[in-house]
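Student: Chains E and A supply the protein sequences, listed in that same order.
Residue numbering for the first sequence follows this note's numbering, starting at 23 and increasing by one per position.
Residue numbering for the second sequence follows this note's numbering, starting at 23 and increasing by one per position.
From the three backbone atoms N, C-alpha and C, an ideal C-beta is built for every residue, glycine too.
Number of protein chains: 2
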Amino acid sequence: MMQKTQSGSECGAKGSHIRAALRGSGLRPTRQRVALAEILFGKGNRHISAEGLHEEAHGRLVPVSLATVYNTLHQFTEVGLLREVVVDGSKTYFDTNTDDHHHFFIEDSAEVVDIPPGQMGVDDVPSAPPGYEITRVDVVVRLRRISD
Amino acid sequence: MMQKTQSGSECGAKGSHIRAALRGSGLRPTRQRVALAEILFGKGNRHISAEGLHEEAHGRLVPVSLATVYNTLHQFTEVGLLREVVVDGSKTYFDTNTDDHHHFFIEDSAEVVDIPPGQMGVDDVPSAPPGYEITRVDVVVRLRRISD
DNA sequence: CTGTGTGCAAACTCTTTGCATAAGT
DNA sequence: ACTTATGCAAAGAGTTTGCACACAG
Numbered sequence: 023m024m025q026k027t028q029s030g031s032e033c034g035a036k037g038s039h040i041r042a043a044l045r046g047s048g049l050r051p052t053r054q055r056v057a058l059a060e061i062l063f064g065k066g067n068r069h070i071s072a073e074g075l076h077e078e079a080h081g082r083l084v085p086v087s088l089a090t091v092y093n094t095l096h097q098f099t100e101v102g103l104l105r106e107v108v109v110d111g112s113k114t115y116f117d118t119n120t121d122d123h124h125h126f127f128i129e130d131s132a133e134v135v136d137i138p139p140g141q142m143g144v145d146d147v148p149s150a151p152p153g154y155e156i157t158r159v160d161v162v163v164r165l166r167r168i169s170d
Numbered sequence: 023m024m025q026k027t028q029s030g031s032e033c034g035a036k037g038s039h040i041r042a043a044l045r046g047s048g049l050r051p052t053r054q055r056v057a058l059a060e061i062l063f064g065k066g067n068r069h070i071s072a073e074g075l076h077e078e079a080h081g082r083l084v085p086v087s088l089a090t091v092y093n094t095l096h097q098f099t100e101v102g103l104l105r106e107v108v109v110d111g112s113k114t115y116f117d118t119n120t121d122d123h124h125h126f127f128i129e130d131s132a133e134v135v136d137i138p139p140g141q142m143g144v145d146d147v148p149s150a151p152p153g154y155e156i157t158r159v160d161v162v163v164r165l166r167r168i169s170d
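(1) Once DSSP output is grouped into helix, strand and coil, what is the label at A/G81?
(2) So, helix, strand or coil for A/V56, using DSSP?
(3) Does any C-beta atom of chain E lie closer than 9 Å to the C-beta of A/G81?
(4) Name, please, each residue of chain E whose Cβ falls closer than 8 Å to the Cβ of A/G143.
(5) To the nearest angstrom, report how far apart E/A43 and A/S131 are at their CA atoms.
(6) I want to see whether chain E comes within less than 9 Å of A/T114, judged by CB atoms only; does it?
(7) By DSSP, does E/G30 sit in helix, in strand, or in coil?
(8) Compute the distance between the beta-carbons of A/L83 and A/L62, then report whether it is under 9 Å.
(9) Rounded C-beta distance between E/F116 and E/I70? I'm assuming under 8 Å.
(10) May I ask you to verify whether the segment 41-59 of chain A touches the segment 92-101 of chain A, counting CB pairs closer than 8 Å and requiring at least 3?
(11) Could you check the C-alpha separation between A/D122 and A/V135 for me, to the nearest Å?
(12) Within 10 Å of its beta-carbon, does E/R53 have 16 or more other beta-carbons around it, so buried, or fewer, so exposed?
(13) Compare the C-beta of E/P139 against all C-beta atoms of chain A and say whether one is closer than 9 Å.
(14) At what residues does the beta strand (DSSP E) containing A/V86 begin and finish?
(15) A/H125: buried (16+ other C-beta within 10 angstroms of its C-beta) or exposed?
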């Protein structure tokens, strides 16, 4: 037999691809993790908060708990499937694009948008103080709506 | 060179300078605001959280409430005496240096340190999307302790 | 005096945690 | 079966708010 088709979501090749990816990262492909991964990675790069993912999952009739969403986001981040983006003091955003790149942050709507790579660079990053190493250089270009 | 400001009221030169600055910003120089301003601006550039400032005030026997610390930090930020720094999702830091500059963030100790200006620049900042203006470009160089 | 600022505690938001139950292999 | 993940609700951290009292001008 083939793999058993899952509950209500789409079945077939995509599901097993995701399951394989999770497995390859050492995560058991549970229903919730597969469903959340489909939402996260199903349509291009996304920047999403735990609340946002939770709502979107419920909108798709995937009833995951908020605690599981947090767990999953952190686990995905640990294994390198996601990246945490710090742009706003109050919420944590997760980015499905783990490449080296930077962000616009639209203050009015609290939205995060990728800055295409190659368009911006950082000159002369100072060397780390002795005893420390640089783990990342983050650039955030903050935007505000022009309200004339 | 030590002047006994604080305690009951403010009689020294520093106190009145601070009072003048507050007044010039349209803020009434209350005891709490003057005391907090002395802590903030009294010894070079600082990066401090509300909790940190609250503790430091108590350490100096200036019993301000946490709510007042928050109010004051926000008021100072509004009038341009402070700048908010977003480096960590969980806490808000305030920087007494309002010039254009960037930061190191030491992840182990959650410390913020200025990167001296002129040592680092950002190339080719993309133009803002139509309808938006850039309010600021923030660079955070994240550091971790090398633990061999 | 008069209005603004302060302090307190309660409320709020986002996130984490503990433990019984459910699911994966 | 045996282990790990999930869900729930409660706890936790940081921040904000509402209202009575206190202080600055």
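Tutor: Judging by the given coordinates:
(1) When secondary structure is reduced to three states using DSSP, A/G81 falls in the helix class.
(2) Three-state result, A/V56: helix.
(3) Under the Cβ criterion of 9 Å, A/G81 is not counted among the residues facing chain E.
(4) Those within 8 Å of A/G143 in chain E are V144, D145 and D146.
(5) Inter-residue distance for E/A43 and A/S131 is about 34 Å (C-alpha atoms, whole angstroms).
(6) Chain E contact via Cβ: present.
(7) Here the model assigns E/G30 a pLDDT of 40, short of 50, so the residue's position is not dependable, and the following value carries that caveat. Residue state, collapsed to three classes: coil.
(8) In this structure, A/L62 does not lie closer than 9 Å to A/L83 by Cβ.
(9) Contact between E/F116 and E/I70 holds: their C-beta atoms lie close to 6 Å from each other, under 8 Å.
(10) Touching, per the Cβ criterion.
(11) Cα-Cα distance, rounded: 14 Å.
(12) Exposed, since its Cβ has fewer than 16 Cβ neighbours within 10 Å.
(13) With respect to chain A, the C-beta atom of E/P139 has no partner C-beta closer than 9 Å.
(14) It is not in any beta strand (DSSP E) - A/V86 carries neither H nor E in the DSSP assignment.
(15) The C-beta of A/H125 has 16 or more other C-beta atoms within 10 Å across all chains shown, which makes the residue buried.
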